[in-house]
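Take a look at the structure below.
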Amino acid sequence: DTEVTQTPKHLVMGMTNKKSLKCEQHMGHRAMYWYKQKAKKPPELMFVYSYEKLSINESVPSRFSPECPNSSLLNLHLHALQPEDSALYLCASSTRQGKSQPQHFGDGTRLSIL
Amino acid sequence: AQKVTQAQTEISVVEKEDVTLDCVYETRDTTYYLFWYKQPPSGELVFLIRRNSFDEQNEISGRYSWNFQKSTSSFNFTITASQVVDSAVYFCALSEDIIQGAQKLVFGQGTRLTINP
Numbered sequence: 001d002t003e004v005t006q007t008p009k010h011l012v013m014g015m016t017n018k019k020s021l022k023c024e025q026h027m028g029h030r031a032m033y034w035y036k037q038k039a040k041k042p043p044e045l046m047f048v049y050s051y052e053k054l055s056i057n058e059s060v061p062s063r064f065s066p067e068c069p070n071s072s073l074l075n076l077h078l079h080a081l082q083p084e085d086s087a088l089y090l091c092a093s094s095t096r097q098g099k100s101q102p103q104h105f106g107d108g109t110r111l112s113i114l
Numbered sequence: 115a116q117k118v119t120q121a122q123t124e125i126s127v128v129e130k131e132d133v134t135l136d137c138v139y140e141t142r143d144t145t146y147y148l149f150w151y152k153q154p155p156s157g158e159l160v161f162l163i164r165r166n167s168f169d170e171q172n173e174i175s176g177r178y179s180w181n182f183q184k185s186t187s188s189f190n191f192t193i194t195a196s197q198v199v200d201s202a203v204y205f206c207a208l209s210e211d212i213i214q215g216a217q218k219l220v221f222g223q224g225t226r227l228t229i230n231p
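Protein chains in written order, with the numbering used here: chain A, 1 to 114; chain B, 115 to 231.
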């Protein structure tokens with residue numbers, strides 16, 4: 001079982017809906033990440049939180065809004081998404097020791113936009 | 115800029131065959147870290163191994179082995195006596211520091227491995 005838990009596992013929504021993806025880890029990691037992965041492609045980094053502060057936004061459209069309520073939780077709020085936003089959304093976490101440490105990934109949320 | 119190349123897009127072998135997945139990287143850092151991840155159809159990326167630039171020893175873990183060669187900037191992954199459960203997409207990645215306490219993974223394009231019974 002993964003130590004990073006993502007909910008829901010599947011989500012179908014219309015372009016006018018508002019929904020949220022949730023990610024939780026209890027490993028004491030202080031860096032958390034959101035990735036988007038299209039079919040047959042590697043994951044693409046979207047956001048990085050370090051010590052609960054947004055540190056990196058990889059030019060992600062504003063219809064994606066991240067939130068880190070505490071050191072264990074990471075949310076991704078979705079609004080007015082487009083069909084091209086359909087993808088697997090992965091959450092990951094790592095310790096604060098930087099590039100030497102592996103990232104631990106959740107199972108992902110498969111998102112479909114109608 | 116850092117770059118990871120996995121030239122093999124797809125590999126298909128029959129069960130019990132040995133298979134090697136290639137990974138070539140580019141970096142200007144003197145200290146760097148390489149990773150291999152496995153992504154089964156369920157979607158989760160599973161961490162397999164980490165290698166730092168100062169440790170060129172090959173690693174063996176059961177049926178898995180890794181060959182790190184700085185001279186050719188390669189970090190190849192071999193599965194011995196492959197099994198159907200090894201079927202997955204495998205990613206090689208290079209990490210870089212972006213801010214204090216966080217890192218960015220530079221992924222290769224991935225190799226889709228299919229093991230046929």
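Cβ atoms here follow ideal geometry from the backbone N, Cα and C, with glycine treated the same way.
Below 9 Å on C-beta distance, what does A/D107 contact in chain B?
Going along chain B in sequence order, the residues near A/D107 (Cβ under 9 Å) are S156, G157 and E158.
What is the DSSP secondary structure of A/V60, reduced to helix, strand or coil?
Coil at A/V60, not helix or strand.
List the residues of chain A whose Cβ lies closer than 9 Å to the Cβ of B/F149, in chain order.
By Cβ distance, chain A contributes P102 and Q103.
Per DSSP, what are the beta-bridge partners of A/H104 in this structure?
Note: A/H104 sits in a beta bridge opposite A/S93.
Where does B/P155 fall in DSSP's three states?
Of the three classes helix, strand and coil, the one that applies to B/P155 here is coil, per DSSP.
Leaving out five residues before and five after A/Q82 in sequence, what residues of the same chain have Cβ atoms less than 8 Å from its Cβ?
Only M15, R63 and I113 meet the Cβ criterion.
What does a CB cutoff of less than 7 Å around B/T119 pick up in its chain, not counting 5 residues either side in sequence?
Correct list, in chain order: V138 and G222.
Which residues in chain A have a C-beta closer than 7 Å to the C-beta of B/L219? List them in chain order.
Those are Q103, listed as they occur along chain A.
Could you please give me the residues that DSSP links to A/H79 through a beta bridge?
For A/H79, which the question treats as bridged, DSSP gives the partners A/K18.
So A/L45 contacts chain B; which residues on that side make the cut at Cβ distance below 7 Å?
By Cβ distance, chain B contributes K218.
Examine chain A for any beta-carbon lying closer than 8 Å to the beta-carbon of B/Q122, and answer yes or no.
No - not a single Cβ of chain A is within 8 Å of the one on B/Q122.
Tell me, to the nearest whole angstrom, how far the beta carbon of B/D200 is from that of B/I163; I am working on the premise that it is less than 8 Å.
With a Cβ gap of about 15 Å, B/D200 and B/I163 do not count as contacting.
Going by alpha carbons, who is nearest to A/H10 out of B/S209, B/C206, B/F161 and B/G157?
Of B/S209, B/C206, B/F161 and B/G157, the residue nearest in Cα terms is B/G157.
Quick one: what's got a C-beta closer than 7 Å to B/S187's C-beta in the same chain, skipping five residues either side?
If we look at B/S187 and ignore the five residues flanking it on each side, its Cβ neighbours are V138, Y139 and E140.
On the DSSP bridge assignment, give the partners of B/F149 in chain order.
For B/F149, which the question treats as bridged, DSSP gives the partners B/R164 and B/A207.
Quick one: using the 10 Å Cβ neighbour count with 16 as the cut-off for buried, is B/T225 buried or exposed?
The residue is buried, with at least 16 neighbouring Cβ atoms inside 10 Å.
With distances taken Cα to Cα, identify the nearest neighbour of B/F241 among A/T109, A/P102, A/D107 and A/G106.
This structure cannot speak to residue 241 of chain B, because chain B is shown only from 115 to 231.
Examine the Cβ distances between the region 164-178 of chain B and the region 78-96 of chain A and report whether three or more of them are shorter than 8 Å.
Counting Cβ pairs under 8 Å, fewer than three are found: no touch.
Are the C-beta of B/E233 and some C-beta of chain A separated by less than 8 Å?
Look at the range of chain B in this structure, 115 to 231, and you will see that residue 233 of chain B is not part of it.
A/S94 CB to nearest chain B CB: under 8 Å?
Yes, contact with chain B.
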